[in-house]
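Trainee:
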Amino acid sequence: MSLILDSSVTLAWVYSEETTDAVRHVFDLMAGAGAWVPATWRLEVANILDMGVRRGRADAAFLDATLTDLAALPINIDPETHLHAWTATARLAAQHRLTLYDAAYLELAQRRRLPLATLDRQLRAAAESEGIVLLGM
Numbered sequence: 671m672s673l674i675l676d677s678s679v680t681l682a683w684v685y686s687e688e689t690t691d692a693v694r695h696v697f698d699l700m701a702g703a704g705a706w707v708p709a710t711w712r713l714e715v716a717n718i719l720d721m722g723v724r725r726g727r728a729d730a731a732f733l734d735a736t737l738t739d740l741a742a743l744p745i746n747i748d749p750e751t752h753l754h755a756w757t758a759t760a761r762l763a764a765q766h767r768l769t770l771y772d773a774a775y776l777e778l779a780q781r782r783r784l785p786l787a788t789l790d791r792q793l794r795a796a797a798e799s800e801g802i803v804l805l806g807m
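All letters in the sequence shown, in the order written, are residues 671 to 807 by my numbering.
1. Suppose you measure from the CA of Asp790 to the CA of Ser678; what does that come to, to the nearest Å?
2. Confirm, please, whether the CB-CB distance from Ile802 to Ala779 is below 8 angstroms.
3. Count the other C-beta atoms from every protein chain shown that fall within 10 angstroms of the C-beta of Met807, then say buried if there are 16 or more, exposed otherwise.
4. Could you tell me which whole alpha helix (DSSP H) segments of length 4 or greater appear in the stretch 688-738?
5. Using the three-state DSSP reduction, which class does Ala787 fall into: helix, strand or coil?
6. Please report the straight-line C-alpha distance between Arg661 and Arg783, rounded to a whole angstrom.
7. Restricting to Cα atoms, I'd like to know which of Ala758, Thr680, Leu793 is closest to Arg781.
8. Between the beta-carbon of Thr751 and the beta-carbon of Thr710, is there less than 8 angstroms?
9. Can you tell which of Arg724, Leu776, Trp683 has its C-alpha closest to the C-alpha of Ile674?
10. Alpha carbon to alpha carbon, how far is His754 from Leu762? Give it in angstroms, no decimals.
11. Leaving out the 5 sequence neighbours to the left and right, which residues in its chain are closer than 6 angstroms to Val715 when beta-carbon positions are compared?
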């Protein structure tokens, strides 16, 4: 089963001290059927990893190795994220008081009719209210 993968689950997989059985399950599912992410996902994940380097959580070698590992996963970048940014995504952000970045995951899950893997509580609540199947906790 393909799914929508957000940065919170991605980073919980990257940082072993945050990895749970639910996160491992998401990555097992993804290994078989792949995942979809909004076009901003790479920037978001790389930024958080870079901030970890700046704060001393990891070093540059960890960042480089992690980005290489993530690039090898069956993750599809949605080519239509920008087409919905000022319409459906903006409406979902306003309706659920989400950032536009988080709303992009919600919009993608709705449009592709796929479950959403997230650990973000506010995004999970919004997804539940929209009837989207959730993974990750």
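Ideal Cβ placement from N, Cα and C applies to all residues, glycine included.
All figures in this text were calculated on a predicted structure; none of them were measured in a lab.
Mentor: Taking the geometry as given:
1. Counting only the Cα atoms, Ser678 lies some 7 angstroms from Asp790.
2. Between Ala779 and Ile802, the gap from beta carbon to beta carbon is short of 8 angstroms.
3. Label assigned to Met807: exposed.
4. Within the stretch 688-738, the runs of alpha helix (DSSP H) that reach at least 4 residues and sit entirely inside it are, in chain order, 691-703, 711-724.
5. In the three-state reduction of the DSSP assignment, Ala787 falls in the strand class, which pools E and B.
6. This structure leaves residue 661 out entirely; the chain is present only between 671 and 807.
7. The shortest C-alpha to C-alpha distance from Arg781 to any of Ala758, Thr680, Leu793 is the one to Ala758.
8. Yes, the Cβ-Cβ distance between Thr751 and Thr710 is below 8 angstroms.
9. Ranking Arg724, Leu776, Trp683 by Cα distance to Ile674 puts Leu776 first.
10. Cα to Cα, Leu762 sits roughly 11 angstroms from His754.
11. Counting only Cβ-Cβ distances below 6 angstroms, and skipping sequence neighbours, we find Ser677, Thr680.
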